[in-house]
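Below you'll find the structure, written out as structure tokens, and then a few comments.
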Amino acid sequence: FIYSSNTPESSITDVIGEHFGALAGKVFTVIYFFAVYTILIMYAVAITNTAQSFITHQLAMAEPPRSLVAIVLILGLMFIVRFG
């Protein structure tokens, strides 16, 4: 579907706007955002729970604050995406 665009640099939302109009492109962008956002929220909670459980049970350390674990994990994942 993306290859049907007139410009090779177009994203999926650009192509939908090109084929179905600007309103459809905006609607798709909002739906796409909420679909990806909910998946990322669930993934963030799951990876935080897993890391916290690993620290507590496998490493036999005191349970660190959830906010600290979440921030460290998010920064670590952003580092991997940016430089990996």
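Take 454 as the starting number for the sequence shown in my numbering and just add one per residue. By construction, the Cβ of each residue, glycine as well, lies at the ideal position given by its N, Cα and C atoms. Source: prediction; values computed, not measured.
- Put simply, of V534, F487 and V522 the residue whose alpha carbon is nearest the alpha carbon of N502 is V522.
- Exclusion of the five residues before and after F473 leaves no residue of its chain whose Cβ lies closer than 7 Å to its Cβ.
- Counting the other Cβ atoms within 10 Å of the Cβ of I469 gives 16 or more, which makes it buried.
- Under the three-state reduction of DSSP output, E471 falls in the helix class.
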